[in-house]
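Number of protein chains: 4
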Amino acid sequence: MYETSLKVRFGDEDHARIAYFPRIVHFFHCAFEDFFDDHGHPYRKVLDEDGYGWPAVGLNVDFMRPIRFGEILKIQVWVERLGSKSATFGYRAHLAGKTAALAQVTVACIGMESFGAVEIPEPYRSLFAEHLQPGHSESLKER
Amino acid sequence: MYETSLKVRFGDEDHARIAYFPRIVHFFHCAFEDFFDDHGHPYRKVLDEDGYGWPAVGLNVDFMRPIRFGEILKIQVWVERLGSKSATFGYRAHLAGKTAALAQVTVACIGMESFGAVEIPEPYRSLFAEHLQPGHSESLKER
Amino acid sequence: MYETSLKVRFGDEDHARIAYFPRIVHFFHCAFEDFFDDHGHPYRKVLDEDGYGWPAVGLNVDFMRPIRFGEILKIQVWVERLGSKSATFGYRAHLAGKTAALAQVTVACIGMESFGAVEIPEPYRSLFAEHLQPGHSESLKER
Amino acid sequence: MYETSLKVRFGDEDHARIAYFPRIVHFFHCAFEDFFDDHGHPYRKVLDEDGYGWPAVGLNVDFMRPIRFGEILKIQVWVERLGSKSATFGYRAHLAGKTAALAQVTVACIGMESFGAVEIPEPYRSLFAEHLQPGHSESLKER
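Chains as they are written, first to last, in this note's numbering: chain A, 1 to 143; chain B, 1001 to 1143; chain C, 2001 to 2143; chain D, 3001 to 3143.
The structure is reproduced here in structure tokens:
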């Protein structure tokens, strides 16, 4: 399963001295960018040259464990559902194997010029299909 | 129903020139702070003097309409569910009446020193009970 | 002198429980946006319809007093220097009259399409000239 | 000279589709954290165990070249001035060798409990002294 990592920063914490939860949502988007970058499709090129955008239309997160600055957060990425014009990505953020947060983010596929929904084209459909693991989010929650 | 508003900023947009979705999650937290502040319980005092924290443990968002910088975003806040040691807040962000995003955020009630879950104490329980509207999130989605 | 205000948020603080200093730089940009908005030139229109952008090319800040969440920060804005293709804005952030931070931000005037420097056009030149107070930054530092 | 790097993200850009300048200030703080981490003093430990904080009291930045998402930004870090209770760090952010921004950030050394200024203690004084390059900022500006 695809995995990336990032370093949690001093400024990512809030008054309660844990990572501010909207920043954790940002971390999931960083992992989404890395997923494209590391599979031969630099995310900037996907948007600006290929002309396909992936706005979030739905978001679901379970926060299970505080994330603190100085920690290296690892994030696993898979495709939970592959639709015609949208896909749901699954994410598991963990700290040395202990799950800190689980997320599902549904993204629409749009043309960057029209800003309207389009069918997910190749080569993205194949890339997503290779990482398809329906039910994986549920199985993680059951543990 | 309680409502607050905020101004969407130049720096809230991302490369796609719409508000970056983790920033929209931040907007909901701003509305949560305002909800306390405007009901006689300054949020900072709730945390630092009363000693109760409200970390997000679950988050669900439907993004329905792009939010752009320069717009005034209005956010309605209610309590969707009131449990013993947690509550689920409902949020509707709208632009001049048109729904831009709906969210439910489940927060645990913790003691700021122990960082452990505690029963939601007065006067917060009464405040939340006054704003309880179970099923309101669902009714908005059905429209 | 033009003044605007903003509310410091829970998520604006960092691990040291004071506003993270890059967020304070963001606050100055919010005041810059408000300066345009409140003088009949909505900043979004300035950029997207009039086609003029104002990227920061220089930044200087003195942080004098911690800024904490829950506080209402007031920010005064003036023009410290008005050049041909650039201008330097002065900012004083204060908490109930006590200076928390002083800043000067030099912005270039660019055409949004060419991204190249252009002469500051009307009506912006007149607007800036009306708020010109050369030496005001220095006078504040001397106090 | 110490150098670290970071990846510029989709959400770091603003409406003008370049990295929002307060985010660039954040990047410099990330480099400051890395400087401690990579010299055997994890920044979190410096603050929470050793009990020394380093709030910014002065900030000076020259922005020379737009920074865009998808780019790897390299940041060089040195000590421009080493005082008794404060130090000025110099930063050069570059994209494949081309300078994008230069900064000087003056930090005070404080005790995290008193929040008052203290003399920079060992081992930090020695670490800073090893990286002392007075005048380096000026020499870069002259080029």
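Idealized CB from N, CA, C, for every residue including glycine.
Helix, strand or coil for residue i? Go by DSSP, reduced to three states.
i                 : result
HIS2094 (chain C) : strand
LYS2085 (chain C) : coil
VAL1008 (chain B) : coil
VAL2046 (chain C) : helix
GLU1142 (chain B) : helix
Going along chain D in order, which residues have a C-beta closer than 8 Å to the C-beta of residue i?
i                 : result
GLY2053 (chain C) : ALA3016
PHE2063 (chain C) : PRO3055, ALA3056, VAL3057, GLY3058, LEU3059
Under 9 Å Cβ-Cβ, which residues of chain D neighbour residue i?
i                : result
GLU113 (chain A) : None at all; the shortest Cβ gap to chain D is about 15 Å.
PHE10 (chain A)  : HIS3029, CYS3030, PHE3032, GLU3033, TYR3043, ARG3044, LEU3047
Chain A partners of residue i, CB-CB under 7 Å?
i                 : result
PHE2027 (chain C) : None at all; the shortest Cβ gap to chain A is about 14 Å.
Considering residue i, what are the terminal residues of the alpha helix (DSSP H) in which it resides?
i                 : result
ALA2031 (chain C) : 2021-2037
ARG1986 (chain C) : Lying outside 2001 to 2143, the shown extent of chain C, residue 1986 (chain C) is not represented and no answer is given.
LEU1127 (chain B) : 1124-1130
What residue range does the beta strand (DSSP E) around residue i cover?
i                 : result
ALA2016 (chain C) : Counting along the chain, ALA2016 (chain C) falls outside any beta strand (DSSP E), and DSSP gives it neither H nor E.
According to DSSP, which residues form a beta bridge with residue i?
i                 : result
TRP54 (chain A)   : Answer is none; TRP54 (chain A) lacks a bridge partner.
LEU2059 (chain C) : C:VAL2105, D:VAL3061
VAL118 (chain A)  : Answer is none; VAL118 (chain A) lacks a bridge partner.
GLU3 (chain A)    : A:GLN76
GLY2111 (chain C) : C:TYR2052
Find the residues of chain C that neighbour residue i, judging by a C-beta separation of less than 7 Å, and give them in chain order.
i                 : result
ARG1044 (chain B) : PHE2069, GLY2070
GLU1130 (chain B) : Near GLU1130 (chain B) there are no residues of chain C at all, since even the closest Cβ is about 23 Å away, more than 7 Å.
Which residues of chain D have a Cβ atom closer than 7 Å to the Cβ of residue i, listed in chain order?
i                 : result
PRO2123 (chain C) : The premise fails here: PRO2123 (chain C) is roughly 21 Å from chain D at the closest Cβ pair, so nothing lies under 7 Å.
TYR1020 (chain B) : GLY3011
Could you name the residues of chain B that residue i contacts, counting a contact when the two beta carbons are closer than 9 Å?
i                : result
LEU140 (chain A) : What LEU140 (chain A) touches in chain B: nothing, since even the nearest Cβ is about 14 Å away.
With 8 Å set as the bound, which would you pick, yes or no: does the beta-carbon of residue i sit closer than that to a beta-carbon of chain F?
i                 : result
GLY2040 (chain C) : No chain F appears in the structure shown, which is made up of the protein chains A, B, C and D.
Given 7 Å as the limit, tell me if residue i has its C-beta closer than that to any heavy atom belonging to the ligand ATP.
i                : result
TYR124 (chain A) : The model on display carries no ligand, and the ligand ATP is accordingly not part of it.
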